[in-house]
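Engineer:
There are 2 protein chains.
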Amino acid sequence: MNADPSPPTRRYDYVADGAEIYRRSFGMVREQADLSAVPADLRVVVTRIVHACGDVDIVPAVAASSDVVTAARHALRSGAAVFTDSVMLASGVTARRMPAHNEVLCTLRDARVPALAKQWHTTRAAAAVSLWDERLDGAVVAIGNAPTALFHLLEVVMDGGPRPAAIVGMPVGFIGSAESKVALAEHVLPGGGQIPWITVHGHRGGSAMASAAVNALATESELA
Amino acid sequence: MNADPSPPTRRYDYVADGAEIYRRSFGMVREQADLSAVPADLRVVVTRIVHACGDVDIVPAVAASSDVVTAARHALRSGAAVFTDSVMLASGVTARRMPAHNEVLCTLRDARVPALAKQWHTTRAAAAVSLWDERLDGAVVAIGNAPTALFHLLEVVMDGGPRPAAIVGMPVGFIGSAESKVALAEHVLPGGGQIPWITVHGHRGGSAMASAAVNALATESELA
Chain A
1 MNADPSPPTR RYDYVADGAE IYRRSFGMVR EQADLSAVPA DLRVVVTRIV
51 HACGDVDIVP AVAASSDVVT AARHALRSGA AVFTDSVMLA SGVTARRMPA
101 HNEVLCTLRD ARVPALAKQW HTTRAAAAVS LWDERLDGAV VAIGNAPTAL
151 FHLLEVVMDG GPRPAAIVGM PVGFIGSAES KVALAEHVLP GGGQIPWITV
201 HGHRGGSAMA SAAVNALATE SELA
Chain B
1001 MNADPSPPTR RYDYVADGAE IYRRSFGMVR EQADLSAVPA DLRVVVTRIV
1051 HACGDVDIVP AVAASSDVVT AARHALRSGA AVFTDSVMLA SGVTARRMPA
1101 HNEVLCTLRD ARVPALAKQW HTTRAAAAVS LWDERLDGAV VAIGNAPTAL
1151 FHLLEVVMDG GPRPAAIVGM PVGFIGSAES KVALAEHVLP GGGQIPWITV
1201 HGHRGGSAMA SAAVNALATE SELA
């Protein structure tokens, strides 16, 4: 390995200051995206989702319960863990934005997962959700990949299992994704009410949008 | 932790067989996406990119040099390393699809990066590219986050530095992203020719699309 690397000759004209890129990026999002229908406390979250996917047309697909920002932010400040359905999503959660050194956990690679998935006739992503067990209570959940994980989570909750503080439900794809997000938006807890939630309706979603939402829920500041 | 977890009551009607979800997903992509203008050897790559972002409208934005599939696949089979600009992208590369236990490396968190970025007046993502040094020669590069990393990489190559076997250049965002991808598509090496490349033009892109492209370039099979 080169002990003393040197930079190449600058040949292109581009902004190379990280903070300036952030400022201009979020400025562009605000300029190009119509956030007028987005509740005030959700705007920073929607801005970061747009920033993560590079497409202002995603805005109308974002939907959320009215209490999700307050609930998720309070939970994270109180030290809640973040559970994710994929390692990729977990690695997109920015540690320095977490207000209480919150743990970010993914159980997909737990050694018990393959056998449980087989035994339960479900996906590994869904089986992994059941390994969150009682730690799920009061946690923030982010799902960016597997619709089956979101369905399974809702089933755990409807069964009277532990209740997360908030659900970021943004699985991507063509099979079950849109349906799982409708199920999230329409779920009713035993006894009434909902777990606070945010989603991106339709086929789109993914780890980048879901981690962007978690990062924005964790810290209001854009620049971090 | 619960030593003997049990599954919740199934309340929703959804496909819960992983292999079946894959099959149906790729079937939906082929059904809904117009791949008629996509070269035959690139179709599996474009299919996986659509699958990763959940949006068939991305297809016309994908562009590539005619030799990128052959070049990247040959390099990976020969044991080439994969360099990425973000940890998130690295964690999206599926180890079991890599044909030669290929290393997947990201130098963004190298301890030297912050000082080099400051000294060179550039971003940490760009400075991290220079730490790939001679290992870049013959490697496959995937950029899904930082336009500055892609510009910097092109500048390294134009300076007569080490040449990667192929570049997956899909940074996302509103500042420099589209321009960096045009620079990739139009670059000319000293002495002529290009590094084989693939991109998604415009603001869209990201770790999910870039890792999907690497996974498809690594293994032709859809189901893995």
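Protein chains in written order, with the working numbering: chain A, 1 to 224; chain B, 1001 to 1224.
Just so you know, even glycine gets a beta-carbon here, dropped at the ideal spot from N, CA and C.
Does the beta carbon of B/W1197 come closer than 8 Å to any beta carbon on chain A?
Structural biologist: It does not; no Cβ of chain A falls within 8 Å.
Engineer: For A/I21, decide whether its Cβ has a neighbour in chain B, counting only Cβ atoms nearer than 8 Å.
Structural biologist: Answer yes: the Cβ-Cβ gap between A/I21 and chain B drops below 8 Å somewhere.
Engineer: What's the call for B/S1066, buried or exposed, on a 16-neighbour Cβ count within 10 Å?
Structural biologist: Classification of B/S1066: exposed, given that the 10 Å Cβ count is below 16.
Engineer: Mind checking the segment 1185 to 1216 of chain B against chain A and listing, in chain order, the residues whose C-beta falls within less than 8 Å of any C-beta there?
Structural biologist: Here the close residues are G1202, H1203, R1204, G1205, G1206, S1207, A1208, S1211.
Engineer: Flag A/L136 as yes if its beta-carbon sits less than 8 Å from any beta-carbon of chain B, otherwise no.
Structural biologist: False, the Cβ-Cβ gap to chain B never drops below 8 Å.
Engineer: Is the Cβ-Cβ distance between A/A237 and A/A165 less than 8 Å?
Structural biologist: Residue 237 of chain A cannot be examined here, being either before or after the span of chain A that is shown, 1 to 224.
Engineer: If the cut-off is 8 Å on Cβ atoms, which residues from the segment 1145 to 1162 of chain B count as contacting chain A, listed in chain order?
Structural biologist: For the segment 1145 to 1162 of chain B, which is checked against every Cβ of chain A, the residues closer than 8 Å are P1147, T1148, F1151, H1152, L1154, E1155, V1156, M1158, D1159, G1161.
Engineer: Taking the alpha carbon of B/H1101 as the point to measure from, which residue in B/A1117, B/S1078, B/P1114, B/G1054 has its own alpha carbon closest?
Structural biologist: With distances taken between Cα atoms, B/H1101 lies closest to B/S1078.
Engineer: Starting from A/L105 and walking both ways along the beta strand (DSSP E), at which residues does that stretch end?
Structural biologist: Residues 104 to 106.
Engineer: Within the continuous beta strand (DSSP E) that includes B/W1197, where are the two ends?
Structural biologist: Run containing B/W1197: 1197 to 1200, per the beta strand (DSSP E) assignment.
Engineer: Within its chain, find whatever has a CB closer than 8 Å to the CB of B/V1029; leave out the 5 residues flanking it on each side and keep chain order.
Structural biologist: Counting only Cβ-Cβ distances below 8 Å, and skipping sequence neighbours, we find T1047, V1050, H1051, V1056.
Engineer: Strictly below 7 Å CB to CB, what residues from chain A border B/H1121?
Structural biologist: Correct list: A16.
Engineer: Once you ignore the five residues that flank B/D1110 on each side, which residues in its own chain have a CB closer than 6 Å to its CB?
Structural biologist: If we look at B/D1110 and ignore the five residues flanking it on each side, its Cβ neighbours are L1131.
Engineer: Entirely within the segment 1089 to 1158 of chain B and at least 4 residues each: give me those alpha helix (DSSP H) ranges in chain order.
Structural biologist: Correct list: 1113 to 1120, 1124 to 1130, 1147 to 1158.
Engineer: Counting Cβ pairs, one atom from each stretch, are 3 or more of them under 8 Å apart for the segment 187 to 205 of chain A and the segment 84 to 91 of chain A?
Structural biologist: No, because fewer than three Cβ pairs between the segment 187 to 205 of chain A and the segment 84 to 91 of chain A fall closer than 8 Å, the two stretches do not touch.
Engineer: Indicate whether B/L1217 and B/V1069 have their beta-carbon atoms separated by less than 8 Å.
Structural biologist: Cβ atoms of B/L1217 and B/V1069: closer than 8 Å.
Engineer: Does any CB atom of chain B fall closer than 8 Å to the CB of A/H101?
Structural biologist: Cβ-Cβ to chain B under 8 Å: no for A/H101.
Engineer: Just mark A/H121 as buried or exposed, buried being the case when its beta carbon has 16 or more other beta carbons within 10 Å.
Structural biologist: Result: exposed.
Engineer: Nearest-angstrom Cα distance between B/Y1022 and A/A126?
Structural biologist: Taking the straight line joining both Cα atoms gives about 15 Å.
Engineer: If you reduce the DSSP assignment to three classes, tell me which class B/V1044 lands in.
Structural biologist: The answer is helix: DSSP assigns B/V1044 an H, G or I state.
Engineer: From the DSSP output, in three-state form, read off A/A263 for me.
Structural biologist: Lying outside 1 to 224, the shown extent of chain A, residue 263 of chain A is not represented and no answer is given.
Engineer: Across which residues does DSSP place A/V82 in a beta bridge pair?
Structural biologist: Per DSSP, A/V104, A/V140.
Engineer: Roughly how many angstroms lie between the CA atoms of B/V1225 and B/A1139, to the nearest whole one?
Structural biologist: Residue 1225 of chain B is absent from the model: chain B starts at 1001 and stops at 1224.
Engineer: If we cut at 8 Å on Cβ distances, does B/F1174 have a partner in chain A?
Structural biologist: It does: the Cβ of B/F1174 has a partner Cβ on chain A nearer than 8 Å.
Engineer: Determine the chain A residues that contact B/S1066 at a beta-carbon separation under 9 Å, and present them in chain order.
Structural biologist: Simply none; closest approach about 24 Å.
Engineer: Find out if the Cβ-Cβ distance for the pair B/V1172, B/I1198 is shorter than 8 Å.
Structural biologist: No, the pair does not count as a contact, with Cβ atoms beyond the cut-off.
Engineer: Output the distance between the C-alpha atoms of B/V1141 and A/D13, rounded to the nearest integer angstrom.
Structural biologist: For B/V1141 and A/D13, the distance between alpha carbons rounds to 22 Å.
Engineer: Output, in chain order, the set of chain A residues within a Cβ distance shorter than 9 Å of B/P1005.
Structural biologist: Ordered by position in chain A, the residues that pass the 9 Å Cβ test against B/P1005 are R112, L116, A127, S130, L131, D133.
Engineer: Going by the DSSP bridge assignment, what does B/V1168 pair with across the sheet?
Structural biologist: Paired residues: B/A1142, B/I1198.
Engineer: If distances are taken between C-alpha atoms only, which option among A/T9, A/A16, A/A81, A/A95 comes closest to A/D133?
Structural biologist: If we check each option's Cα against that of A/D133, A/A81 comes out closest.
Engineer: Taking the alpha carbon of B/G1092 as the point to measure from, which residue in B/V1214, B/R1073, B/F1151 has its own alpha carbon closest?
Structural biologist: Ranking B/V1214, B/R1073, B/F1151 by Cα distance to B/G1092 puts B/V1214 first.
Engineer: Give the residues from the segment 1073 to 1096 of chain B that approach chain A closer than 7 Å (Cβ to any Cβ), ordered along the chain.
Structural biologist: Answer set for the segment 1073 to 1096 of chain B: V1087, M1088, S1091, G1092.
Engineer: Which residues of chain B have a Cβ atom closer than 8 Å to the Cβ of A/V29, listed in chain order?
Structural biologist: Residues of chain B passing the Cβ test: F1174.
Engineer: Between the C-alpha atoms of A/R24 and B/I1175, what's the straight-line distance to the nearest angstrom?
Structural biologist: Taking the straight line from one Cα to the other gives about 7 Å.
Engineer: Quick check on this structure: which residue in A/I58, A/Q194, A/G161, A/E186 has the alpha carbon closest to the alpha carbon of A/R135?
Structural biologist: It is A/G161 whose Cα lies nearest to the Cα of A/R135.
Engineer: From A/A117 to B/C1053, what distance separates their C-alpha atoms?
Structural biologist: Going by the C-alpha atoms only, they are around 25 Å apart.
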